[in-house]
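One line per chain: the protein sequences are U and B, in this order.
The opening position of the first sequence corresponds to residue 139 in this note's numbering, with each subsequent residue numbered one higher.
The opening position of the second sequence corresponds to residue 21 in this note's numbering, with each subsequent residue numbered one higher.
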Amino acid sequence: MIVIQDVVKYFSGHRAVDHCSFEIAEGSITGLIGPNGAGKTTLFNIIAGFLQPDAGKVFLRGRDVTGFPPHRLFHLGLMRTFQIPHVFGRMTVLENLMVVPAHQGGENLVVSWLAWGRVRDQEKAIREKAEKVLDFLEITHLRDELAGNLSGGQKKLLELGRTMMTEPDVILLDEPGAGVNRTLLGKLSADIQRLNREHGYTFCVIEHDMDLIARLCDPIVVMAQGKVMVEGTMDQIRRDPEVLDAYLGGATEPAAEAQP
Amino acid sequence: MEITGLLSYGVFFATLAGIYAVLALGLNVQWGHTGLFNIGVAAFFAIGAYASAIFTTAPSDMHMGGFGMPFLIGIVAAMVCSGVIALLVGLITLNLRSDYLAIATIGIAEIIRLFLKNEGWLTNGVRGIPGIPKPLSGVIEGADELLFLGVVLAAMLVVYLALERGYRSPWGRVLRAVRENEDATRAAGKNILSFRLQGFVLGSMIMGLGGALYAHFTTFISPEAFDPMFATFLVWVMLIAGGSGNNRGAILGAFVIWAVWSGTEILTGMLPETMVTQAGALRVLLIGVLLQVILLLRPQGILPEKAPEVRGGMDGDTEKARGAGRGPSE
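See the structure below:
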């Protein structure tokens, strides 16, 4: 589905991603783990078009999409969430969801002026979809709340809800579990699995919660200092001495958090 | 006598306030909805005024044209000229971050003002363009001003209705999303440059319309009329006082601030001759202080922005959901 080929990204001399190559197989839930500053989020930003790589290529379904802007990648079937939740603060939760669907005729101002009836019908369908998503995430009571007033965990859920407003091929989830309570997290991972099995969505998940990773992901890619260190199943990774050393408790140099 | 004087002052006041309301509505699309920091309102106001003046005045040696076209053609020309220039300016500047956009718009406004002042072949320079026709004059004896007020209010209403519909549409929703968070809007597949351009161009076209109305109202324009103090700063105060993001707020703000502004003019007019000049500066200060007070006490304006309710068959659960939603935190 997505092939990352020898991607390099510098931040003023610091090599955040260093000749990184791996593949997110179609239909997989690929886990991406590694210590802080390993370059996971930077790599996500490159895949999703928010950053340009200094070298290397990204392929989506065999097509070279390196340097494509994010909105174009969205229309090619890629959706992402952010590590720090990005919500539309002075818009209601419902509106936050309703922004997302593609091909809304009413996004053309002239259509909205002249064909209000059609726009209203479309709005109704989108609203119903959004309400289903709210229902699913159990935040229906927040429907008309301004998104800026939500708690951190609720914002995280709302972001996840936004990915559910489209039918993407690949979803990049950047720490979906951070700040979400345990019960909901269980539900969340069950749903990711369901979307994966029944709808064939491909996922790539950055996560620090090893339980969640173990439950969901196969394969798992371990990154450290901008490189792929190991790739394999959870068992393979758990036995890998390098991973044990670098990630699961060992001596690493204190890498600075490389956020753009 | 007293009554007719008062009445004609009222008409004069309302006409100018209505023109300012149009400008504030234009700025509301840019700042209130899309989050574009345009401090060059005066430029688009002036372009609209000059375009309409050149198109509608009788042929003259002093400036380009005039082409003697009807009022409505002048209005269209004003909006097209402002829109085209906004498009060019926008293509260059809208990729900039908001603070840089603000700086760029100040610069561009100043360039346009100097251009209008110095390019005599086009604008007659500092001497200005006289003899701009007033529409509907002479249709009803002695009611020219009143009829023109009607034209201004009608234009304001049309702009208001068009913008309200835009605001409540998916189009307006994307504009607000761009304002709130650009990255998330891009991740949701929207081409934010395109939407920012649309907001900028539409807002500037409305400012151009305001300029055209102004030109036909005063029947004479010169570069002095488009001083940033009146044409940019005052419009910003109106929008912020009225309620940025709220179209009704923009209109209300225009009328309230224009009332304060004209009211102080009447007051300073009563002062002895020697103090009038100083008092003029004091009015500007007063508006500045008023803006500070509003920002401190009611930053959201008199009529704050309200998220539009979503159309299409609300159900009874909504109210229950609203009630339950009071406590946003977990």
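Beta carbons: idealized from backbone N, C-alpha and C, even for Gly.
Let me see if you follow: with CB-CB separation under 8 angstroms, is residue i close to chain U or not?
| i | result |
| --- | --- |
| B:E325 | yes |
| B:G186 | yes |
| B:S189 | yes |
| B:Q218 | yes |
| B:R206 | yes |
| B:E200 | yes |
| B:A106 | no |
Leaving out the 5 sequence neighbours to the left and right, which residues in its chain are closer than 8 angstroms to residue i when beta-carbon positions are compared?
| i | result |
| --- | --- |
| B:V304 | M249 |
| U:W279 | Sequence inspection shows His at residue 279 of chain U; the Trp mentioned does not correspond to that position. Same-chain partners within the cutoff: there are none. |
| B:V296 | T288 and G289 |
| U:T230 | R281, D282, E283, L284 and A285 |
Here's a check: name, in chain order, each residue in its chain whose Cβ is nearer than 7 angstroms to the Cβ of residue i, leaving out the five neighbours to either side.
| i | result |
| --- | --- |
| U:G172 | K178, V360, M361, A362 and Y385 |
| B:L291 | A299 |
| U:P208 | A186, G187 and F188 |
| U:T321 | none |
| U:R228 | L284 and G286 |
| B:I39 | V172, G230, L233, Y234 and F237 |
From the options, pick the residue whose C-alpha is nearest to that of residue i; which is it?
| i | options | result |
| --- | --- | --- |
| B:H83 | B:I241, B:A251 and B:P328 | B:I241 |
| U:V203 | U:V318, U:D349 and U:Q143 | U:Q143 |
| B:G148 | B:E139, B:L156, B:V179 and B:K154 | B:E139 |
| U:L284 | U:I140, U:E276 and U:L296 | U:L296 |
| U:I140 | U:I375, U:H346 and U:V308 | U:V308 |
| B:R133 | B:I23, B:T252, B:L323 and B:F237 | B:T252 |
| B:W73 | B:T54, B:V61, B:N48 and B:M99 | The question names Trp, but residue 73 of chain B is Ala in the sequence shown. Ranking the options by Cα distance to B:A73, first place goes to B:M99. |
| B:L116 | B:F57, B:A245, B:M258 and B:G145 | B:F57 |
| U:D373 | U:K365, U:V366, U:G364 and U:I358 | U:I358 |
| B:P328 | B:G170, B:V221, B:N201 and B:R185 | B:R185 |
| U:D356 | U:F206, U:I162, U:L252 and U:E245 | U:I162 |
| B:T143 | B:E202, B:E244, B:D164 and B:V257 | B:E244 |
Closer than 9 angstroms by beta-carbon distance: list the chain U residues that pair up with residue i, in chain order.
| i | result |
| --- | --- |
| B:Q312 | Neighbours of B:Q312 on chain U: none; closest Cβ ~23 angstroms, over 9 angstroms. |
| B:V100 | Chain U residues near B:V100: none, gap ~16 angstroms exceeds 9 angstroms. |
| B:D203 | F188, P208, F220 and H224 |
| B:E161 | In chain order: nothing, as chain U lies at least about 38 angstroms away. |
| B:A197 | F226, M229, E233, N234 and V237 |
For residue i, go through chain U and note every residue whose CB falls closer than 7 angstroms to its CB, in chain order.
| i | result |
| --- | --- |
| B:G209 | H209, F212, H213 and A240 |
| B:V194 | V237 and E245 |
| B:A182 | W251 |
| B:A174 | Those within 7 angstroms of B:A174 in chain U number zero; the least Cβ separation is about 17 angstroms. |
Would you mind giving the Cβ-Cβ distance between residue i and residue j, rounded to the nearest angstrom? I have them listed as a contact below 8 angstroms.
| i | j | result |
| --- | --- | --- |
| B:W191 | B:L36 | Not quite, the Cβ-Cβ distance comes to about 31 angstroms (not below 8 angstroms), so this is no contact. |
| B:T113 | B:A129 | The pair is not a contact, with the Cβ atoms about 12 angstroms apart (cut-off 8 angstroms). |
| B:A44 | B:A208 | Not really, about 30 angstroms apart at Cβ, beyond 8 angstroms. |
| B:G86 | B:A78 | 6 angstroms |
| B:L317 | B:R268 | Not really, about 20 angstroms apart at Cβ, beyond 8 angstroms. |
| U:E336 | U:P314 | So it is not a contact: roughly 19 angstroms between Cβ atoms. |
If we define contact as Cβ-Cβ less than 8 angstroms, is residue i a contact residue for chain B?
| i | result |
| --- | --- |
| U:A396 | In this predicted model, U:A396 has a pLDDT of only 42, less than 50, meaning its place in the structure is not dependable enough to derive any value. |
| U:R201 | no |
| U:M348 | no |
| U:E276 | no |
| U:E261 | yes |
If you drop the 5 nearest sequence neighbours on each side, which residues of the same chain put their C-beta closer than 6 angstroms to that of residue i?
| i | result |
| --- | --- |
| B:E325 | G265 and N266 |
| B:T205 | A197, V198 and I212 |
| U:I264 | M236 and P239 |
What does residue i reach in chain B if we use C-beta pairs closer than 8 angstroms?
| i | result |
| --- | --- |
| U:V257 | S189 and P190 |
| U:E345 | Within chain B, no residue comes near U:E345; the closest Cβ sits about 19 angstroms away, beyond 8 angstroms. |
Using a cut-off of 7 angstroms between C-beta atoms, extract the partners of residue i located in chain B.
| i | result |
| --- | --- |
| U:E305 | None at all; the shortest Cβ gap to chain B is about 12 angstroms. |
For residue i, which residues in chain B fall below 9 angstroms Cβ to Cβ?
| i | result |
| --- | --- |
| U:R300 | A204, A207 and A208 |
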